[in-house]
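Quick mapping for you: the protein sequence lines, in order, are chains A and B.
Add 4 to the 1-based position in the first sequence for my numbering, that's all there is to it.
Add 104 to the 1-based position in the second sequence for my numbering, that's all there is to it.
One structure is given below, encoded as structure tokens.
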Amino acid sequence: MGKLLLATIAVILAPVVGGLIAGLDRKLTAWLQSRVGPPILQPFYDVFKLLGKSPMLINPWQILTVWVYLVSSMLTVFLFFMGSDLLLMFFVLTIGAVFFVMGALSTQSPYAQVGAQRELVTMLTYEPLIILVFVSIAMVTGSFKVSEVFTYGKPLLYQLPLMFVVLGYALTIKLRKSPFDISACHHAHQEVVRGVLTEYSGPQLAMIEIAHWYDVVFVLGLVGLFWASSFWGCAVLLAVTYFAELVIDNVTARMTYKWMLKTVWGWGLALSVLNLLWLYAG
Amino acid sequence: MLKDWINKGRLKSPWIVHFDCGSCNGCDIEVLACLTPLYDVERFGIINIGDPKHADVLLVTGTVNHRNKHVLKNIYDQMPSPKAVIAMGACGLTGGVFREAYNVVGGVDKVIPVDVYVRGCPPKPEAIIDGVVHALGKVKAALEAAG
Ligand code: SF4
């Protein structure tokens, strides 16, 4: 019962936290570029404004896909705080991402098509890595359940430092940070005009933004698992990781999808194998 | 309550799509100057977005001619309402020095309704930001009139 309550509260609070993180993100980015930057609440203003715009749908599919994306993102957060199975969360997360891409593919716009193809490649890039991270967590704790990780006692980071770097790659992709923001980049307007997001507008775009906030909370939750034994350890780990992501975002330019696939798979798989071998040997 | 938040959002996050109707590039450079750290329009929630479907404000520079008036109209139609249009520079207002050329239609308001005119050849970045503020003032007045 307690778990259910916690998970429900988490689902309600997650968009607030995600929005605040997005606001801080923009503020810190501005700071790194020696600008003033928008107010912290800016992402909320944006989303509310989008909710109030008149809908402009290309086809009814877009409504369905956006809802599935939002609900599956909410469900991942819910399952995470229920202490549920990591693999189950992975599948739910994937369903959301696939529907999101399907919505873009259902339109005729070449920008959305290109963006959707790129989004599929990005999914292909981060998903094996996330699975490897989950498998290694299961090898250490003996179970795929989040609740087991919390009762494990020791920080996973000691045994899975390289896996943490691998998760960092996945995090950069999932947060749509450069150099991996090839499918829906904010800044390369003239190239794919926000790619997968091109044909979404108004309320649908707002819902995608909210779903993205849920994703951010979920992925940061995964990061938090690596130091689940102490509250402060977890908080410091999250802050340091997110700041590192921001710095990477600001010092790297965008790359092509081929480079992404090569680098992330190359490094991700190498680091995973090293870490797993080390686990076996130790 | 939700309506209040939506109205607040409308005033605080004008996303701009910038369309160049064949300007001499003078105006466009000034628009880009607004995005640099010196003016940093993101302070006010203004983002230069590439997609008319995400935009709230259409910023038009340059002279409208018989060829690009269809494009201008198309971009305007693709923007979900509520939306505002800012015409910029002498060319956007009246056709400027090109107004007597045979292919020139004239100002932006010959094709789509314009809310705010920003004068200058080219206008200063301050004037452009001022133009957006004026557009928001109009939006605010409209919101208040609607209750
Ligand atoms: S108004 Fe002046 S600066 Fe702007 S496009 Fe026309 S000629 Fe160029």
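Heads up, the beta-carbon is just placed ideally off N, CA and C, and yes, glycines get one too.
Values in this document were obtained by computation on a predicted structure and should not be read as measured data.
- Apart from the 5 residues on each side of it in sequence, I134 of chain A sits with its Cβ closer than 7 Å to the Cβ of F94, A174 in its chain, given in chain order.
- Between the alpha carbons of L280 of chain A and S140 of chain A lies a distance of about 7 Å.
- Across the structure, V15 of chain A and I151 of chain B are spaced so that their CA atoms are roughly 29 Å apart.
- Annotation: Cβ neighbours of P42 of chain A in chain B (cutoff 8 Å, chain order): E146, R147, F148, G149.
- Between the beta-carbon of V223 of chain A and that of V21 of chain A there is about 12 Å, and that puts the pair past the 8 Å contact cut.
- For Y49 of chain A and R114 of chain B, the gap between their C-alpha atoms comes out near 7 Å.
- Taking the C-beta atoms as reference points, V215 of chain B is found no nearer than 9 Å to G235 of chain B.
- For G235 of chain B, the shortest separation between its Cβ and any heavy atom of ligand 1 does not lie below 8 Å.
- With a cut-off of 8 Å, the C-beta of M167 of chain A is classified as distant from ligand 1, since no heavy atom of the ligand falls inside that distance.
- Non-local beta-carbon contacts of Y115 of chain A in its own chain, meaning distances under 7 Å to residues more than five positions away in sequence, involve V196, V197, G199, T202 in chain order.
- The DSSP-derived three-state label of V144 of chain A is helix.
- For W231 of chain A, the secondary structure class from DSSP, reduced to helix, strand or coil, is coil.
- A Cβ-Cβ separation of about 14 Å leaves V81 of chain A out of contact with I99 of chain A under the 8 Å criterion.
- Against chain B, the beta carbon of D50 of chain A has neighbours under 9 Å at G113, K116, S117, W119, G149, I151, listed in chain order.
- According to the DSSP assignment, M93 of chain A belongs to the alpha helix (DSSP H) that extends over 90-109.
- Not a single CB atom of chain B sits nearer than 9 Å to the CB of A26 of chain A.
- Interface annotation for the segment 208-228 of chain A against chain B: L209, criterion Cβ-Cβ distance under 9 Å.
- With contact defined as three or more Cβ pairs closer than 8 Å, the segment 179-194 of chain B and the segment 113-131 of chain B are in contact.
- Per the Cβ contact rule, the segment 197-205 of chain B is in contact with the segment 158-169 of chain B (3 or more Cβ pairs under 8 Å).
- The beta-carbon of Y204 of chain A is placed less than 9 Å from the nearest beta-carbon of chain B.
- In this structure, L278 of chain A keeps its C-beta atom at 9 Å or more from the C-beta atom of L124 of chain A.
- Taking C-beta atoms as the reference points, K31 of chain A and G41 of chain A count as a pair closer than 9 Å.
- Beta-carbon to beta-carbon, D219 of chain B and A188 of chain B are separated by about 5 Å, close enough to satisfy the 8 Å threshold.
- When C-alpha distances from V150 of chain A are compared across A:L283, A:K178, A:F84, the shortest belongs to A:F84.
- Interface residue (Cβ-Cβ distance to chain A less than 9 Å): S185 of chain B is classified as such.
- At least one heavy atom of ligand 1 is found less than 8 Å from the C-beta of P226 of chain B.
- Put simply, the backbone Cα of L275 of chain A is about 12 Å away from that of G172 of chain A.
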